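Take 133 as the starting number for the sequence shown in our numbering and just add one per residue.
Every residue gets a Cβ at the ideal spot worked out from N, C-alpha and C, and that includes glycine.
If you're wondering where the values come from, they're calculated on a predicted model, not measured in any experiment.
Encoded as structure tokens, the structure appears first; notes follow it.
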Amino acid sequence: MMRTMKFDVAVIGGGPAGMAAALSANGQGASVVILERDVRLGGILNQCIHQGFGLHYFGEEMTGPEYADRFRKKVENEDITVMLESMVLSLDKNKTVTVLSPSYGLCKIEAGAIVLAMGCRERTAGAIALAGSRPAGIYTAGMAQKICNIDGYLVGKEVVILGSGDIGLIMARRMTTEGAKVKLVLELMPYSSGLKRNIVQCLDDYGIPIKYSHTVTRVEGSPRLTGIYYAPVGPDRKPVLQEEKFIPCDTLLLSVGLIPENDLLGGLDVNMSGITQGAVVDENRMTSIDGIFSCGNVLHVHDLVDNVSQEAEIAGRSAALYSKGEMNRDYDSVTVSAKDGVRYALPQRIGKGEGKVKLFFRVGDVYKNCRLVVESGGNTLVSKKFMVLAPGEMGSVEIDKSSISGDVIVRLEK
């Protein structure tokens with residue numbers, strides 16, 4: 133017979149979101165299991181050996197493995213069950229998880245609540261319909277980072293990077309320090325999709341050129357990449373082929389966006405956001421299915437792991453309370469929507485009452501000297517001026533729930 137185990141809270145994913153959620157749930161007295169498919173806890177942080185983590189959460193700067201190790205040690209010191217090398221095969225609305233593990237075999241876990249913390253994956257050459265042959269030498273930036281930092285191999289010597297996401301920018305610096313020549317970074321949009329500090333520290337400080345409003349039109353080479361063609365793009369984001377140029381290289385790294393790993397929700401009737409590609413959640417990070425919570429990059433892509441940890445603590449605490457029957461959806465709530473330059477605001481539902489709630493948002497373009505306005509029932513709850521707002525950096529504002537008198541709108545005044 134298939135083995136069955138019962139826990140108050142099952143956390144799917146053992147990265148920064150999963151560990152923070154598990155610790156938060158455990159702190160509420162819940163029995164918790166973490167299901168992680170890798171051989172160790174930590175997720176993507178294990179390969180992010182650069183500095184820049186923990187400034188907000190711990191008040192000190194550390195590397196990704198150091199940040200992960202802080203949480204890993206906390207998990208080890210608590211009564212939290214950790215199942216490594218465990219692949220979650222399915223999840224149903226009754227909060228039953230089917231798991232395949234070398235240590236436990238094929239088993240079922242019945243939980244009072246589920247926390248989704250699976251992170252996200254990178255878009256590949258196929259996902260962006262990259263034209264040309266399929267030679268060796270084309271990698272996603274995250275895969276190149278793993279090969280370099282975990283396995284100790286240099287993936288190439290003459291590199292072009294498509295996209296200016298944070299991992300791509302960091303790999304531009306990493307490849308340079310390892311002796312490779314990063315010839316060019318190409319970005320389809322007229323602005324970077326990464327943090328401003330990474331543009332400065334990873335490109336400017338190393339003299340690596342970046343061309344905005346440019347893209348790769350096709351690749352050449354067999355069996356190894358020998359070069360790429362690139363061209364500027366017009367207002368419609370289509371390449372101007374008359375201005376196409378060739379640049380020789382043996383490696384192309386792709387940093388062209390991240391997709392939340394929500395495959396497990398395919399068979400469930402969970403309301404999803406077409407913009408974030410994550411679930412629609414309330415302020416407790418509960419999805420449209422009672423008892424299933426979502427947090428971290430599987431909910432919406434973050435640029436700072438500190439925000440991931442803080443958000444996961446909300447989801448973990450809420451999951452524990454739900455599993456003990458101390459939380460339900462029977463409260464007066466309003467919707468949160470974005471307009472006038474704001475791409476999305478999250479959570480998408482918040483309850484009326486006492487206390488404060490933090491709203492996260494991203495804009496759709498670069499805006500300077502603008503004002504973010506949060507309104508409810510015709511009243512202004514927040515009016516905050518920003519010198520610069522860019523798509524690559526997620527913003528946040530805090531509102532007082534007692535001031536809510538209707539649906540909440542987050543917008544920009546330019």
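Quiz item: Can you name, in chain order, every residue of its own chain whose Cβ lies under 8 Å from the Cβ of ASP401, other than the five neighbours on each side?
Solution: Within the sequence shown, the letter at position 269 stands for residue 401. Correct list, in chain order: LYS225, SER420, ILE421.
Self-check item: Pair within 9 Å by beta-carbon distance, SER324 and ALA522
Solution: Indexing the sequence shown from 1 puts residue 324 at position 192. Indexing the sequence shown from 1 puts residue 522 at position 390. Taking 9 Å as the Cβ cut-off, SER324 and ALA522 qualify as a contacting pair.
Practice problem: Indicate whether the contact test is met: 3 or more Cβ pairs, each with one atom in the segment 255 to 262 and one in the segment 308 to 316, closer than 8 Å. | Solution: no
Quiz item: So, is HIS346 buried or exposed, given that buried needs 16 or more other C-beta atoms within 10 angstroms?
Solution: Here residue 346 is taken as the residue at index 214 of the sequence shown, counted from 1. Buried, since its Cβ has 16 or more Cβ neighbours within 10 Å.
Quiz prompt | Supposed close pair HIS434, MET303 - CB separation, criterion 8 Å | solution = Locating residue 434 in the sequence shown gives position 302, counting from the first residue. Locating residue 303 in the sequence shown gives position 171, counting from the first residue. Rounded, the Cβ-Cβ distance is 19 Å, inconsistent with contact.
Quiz item: Roughly how many angstroms separate the alpha carbons of SER405 and ASP382, rounded to a whole number?
Solution: By one-based count along the sequence shown, residue 405 stands at place 273. By one-based count along the sequence shown, residue 382 stands at place 250. Distance between the alpha carbons of SER405 and ASP382 is about 38 Å.
Quiz prompt | Ordered list of beta strand (DSSP E) runs contained in the segment 275 to 311, each at least 3 residues | solution = 290 to 294
Quiz item: Taking the Cβ atom as the reference point for each residue, do GLY473 and LEU544 lie within a distance shorter than 9 Å?
Solution: For the purposes of this step, residue 473 is taken as residue 341 along the sequence shown, with counting starting at 1. For the purposes of this step, residue 544 is taken as residue 412 along the sequence shown, with counting starting at 1. Cβ atoms of GLY473 and LEU544: closer than 9 Å.
Exercise. Locate the alpha helix (DSSP H) running through VAL437, then write down its first and last residues.
Key: Within the sequence shown, residue 437 is the residue found at index 305, counting from 1. Its alpha helix (DSSP H) spans residues 437 to 455.
Quiz item: How is ASP414 classed by DSSP in three states: helix, strand or coil?
Solution: The sequence position of residue 414 within the sequence shown is 282, counting from 1. If DSSP states are grouped into helix, strand and coil, ASP414 belongs with the strands.
Exercise. Note down, one range per segment and in chain order, each beta strand (DSSP E) of at least 3 residues found wholly within the segment 341 to 366.
Key: 342 to 344, 346 to 352, 359 to 364
Quiz item: TYR199 lies in the beta strand (DSSP E); which residues open and close that run?
Solution: Along the sequence shown, read from residue 1 onward, the residue named residue 199 stands at position 67. That residue, TYR199, is in no beta strand (DSSP E); its alpha helix (DSSP H) goes 196 to 208.
Quiz item: Just checking, does the segment 178 to 188 make contact with the segment 196 to 208 on the three C-beta pairs under 8 Å criterion?
Solution: yes
Practice problem: Using only alpha-carbon positions, find the residue among LYS138, ALA153, GLY147, ARG135 that is nearest to GLN442. | Solution: For the purposes of this step, residue 442 is identified with residue 310 of the sequence shown, where counting begins at 1. Ranking the options by Cα distance to GLN442, first place goes to ALA153.
Quiz item: MET151: which of TYR499, ALA259, LYS490, VAL247 sits nearest, CA to CA?
Solution: Numbered from its first residue, the sequence shown carries residue 151 at position 19. Of the candidates TYR499, ALA259, LYS490, VAL247, the one whose C-alpha sits nearest the C-alpha of MET151 is VAL247.
Practice problem: Go through its chain and collect everything with a Cβ distance to LYS343's Cβ below 6 Å, but skip five positions before and after it. | Solution: Against the sequence shown, residue 343 aligns to sequence position 211. Here the set comprises LEU318.
Exercise. Would you list the residues sitting across from THR228 in a DSSP beta bridge?
Key: Here residue 228 refers to the residue found at position 96 when the sequence shown is read from its first residue. According to DSSP, which records beta bridges pairwise, THR228 is partnered with GLU242.
Quiz prompt | Classification of ILE282 by the beta-carbon crowding that lies within 10 angstroms, buried from 16 upward | solution = The residue you call residue 282 lines up with position 150 of the sequence shown. When all chains shown are included, ILE282 counts as exposed.
Self-check item: Start-to-end residues for the beta strand (DSSP E) that takes in MET519
Solution: For this step, residue 519 is matched to residue 387 along the sequence shown. Counting along the chain, the beta strand (DSSP E) containing MET519 begins and ends at 511 to 521.
Quiz prompt | Per-residue burial, LYS471 [other beta carbons within 10 Å of its own, 16 or more giving buried] | solution = Your numbering for residue 471 matches position 339 in the sequence shown. LYS471 is exposed by the Cβ-count criterion.
Practice problem: Return the chain-ordered list of same chain residues with a C-beta closer than 6 Å to the C-beta of ILE571, the five sequence neighbours on each side being excluded. | Solution: With the chain running from 133 to 546 in the structure shown, residue 571 is simply not present.
Quiz item: GLY527 by DSSP, collapsed to three states: which one?
Solution: Taking the sequence shown and counting its residues from 1, the one referred to as residue 527 is at position 395. Looking at GLY527 - three-state DSSP - the assignment turns out to be strand.
Self-check item: Three-state secondary structure assigned by DSSP to ASP395
Solution: On the sequence shown, position 263 is the one that residue 395 refers to. ASP395: helix per DSSP, three-state reduction.
Quiz item: Given that a residue counts as buried once 16 or more other Cβ atoms are within 10 Å of its Cβ, and exposed if not, what is ASN511?
Solution: Translated into the one-based positions of the sequence shown, residue 511 becomes position 379. That one is exposed.
Quiz item: Can you give the beta carbon distance from ALA243 to ASP140, rounded, assuming they're within the 8 Å contact cut?
Solution: The residue given as residue 243 occupies position 111 in the sequence shown. The residue given as residue 140 occupies position 8 in the sequence shown. The Cβ separation is near 7 Å, so the contact holds.
Quiz item: Grouping DSSP H, G and I as helix and E and B as strand, with all else coil, what is LYS484?
Solution: For the purposes of this step, residue 484 is taken as the residue at position 352 of the sequence shown. Three-state DSSP puts LYS484 in coil, outside helix and strand.
Quiz item: Whole-angstrom Cβ separation of GLY487 and LYS516, contact assumed at under 8 Å?
Solution: The residue given as residue 487 occupies position 355 in the sequence shown. The residue given as residue 516 occupies position 384 in the sequence shown. About 20 Å; that fails the 8 Å criterion.
Self-check item: Cβ neighbours of ILE181 in the same chain (closer than 8 Å, five flanking residues each side left out)
Solution: Residue 181 sits at position 49 when you count from the first residue of the sequence shown. Here the set comprises THR195, GLY196, PRO197, ASN281.
Quiz item: Taking Cβ positions, are LEU301 and LEU386 nearer each other than 9 Å?
Solution: For the purposes of this step, residue 301 is taken as the residue at position 169 of the sequence shown. For the purposes of this step, residue 386 is taken as the residue at position 254 of the sequence shown. Not in contact: LEU301 and LEU386 (Cβ atoms no closer than 9 Å).
Quiz prompt | Cα-Cα separation between TYR236 and ASN416, rounded to whole angstroms | solution = Start at 1 with the first residue of the sequence shown, and residue 236 comes out as number 104. Start at 1 with the first residue of the sequence shown, and residue 416 comes out as number 284. If you take the alpha carbons of TYR236 and ASN416, they lie about 32 Å apart.
Quiz prompt | Residue environment, GLY274, which counts as buried when at least 16 other CB atoms sit within 10 Å | solution = Position 142 of the sequence shown, counting from 1, holds the residue named residue 274. When all chains shown are included, GLY274 counts as buried.
Practice problem: With a 10 Å radius around its C-beta and 16 neighbouring C-beta atoms as the bar for buried, classify ASP464 as buried or exposed. | Solution: Position 332 of the sequence shown, counted from the start, is the residue given in the question as residue 464. By the 10 Å Cβ count, ASP464 comes out exposed.
Quiz item: Which class does LYS460 belong to by DSSP, given the choice of helix, strand or coil?
Solution: One-based indexing of the sequence shown puts residue 460 at position 328. The residue you asked about is not Lys; residue 460 is Asn in the sequence shown. Reduced to three states, the DSSP call for ASN460 is coil.
Self-check item: Environment of ASP298 [buried if 16+ CB atoms lie within 10 Å]
Solution: What you label residue 298 is simply residue 166 of the sequence shown in a count that begins at 1. Looking at its Cβ environment, which holds 16 or more other Cβ atoms inside 10 Å, ASP298 is buried.
Quiz item: Can the beta-carbon of LEU542 be found less than 9 Å from the beta-carbon of LEU504?
Solution: Counting from one through the sequence shown, the residue named residue 542 turns up at place 410. Counting from one through the sequence shown, the residue named residue 504 turns up at place 372. It should be pointed out that residue 542 corresponds to Val in this sequence rather than to Leu. Contact flag set, yes.
Exercise. State yes or no: is the C-beta of VAL412 within less than 9 Å of the C-beta of GLN480?
Key: Taking the first residue of the sequence shown as position 1, residue 412 is located at position 280. Taking the first residue of the sequence shown as position 1, residue 480 is located at position 348. Against a cut-off of 9 Å, the Cβ pair of GLN480 and VAL412 comes out as a contact.
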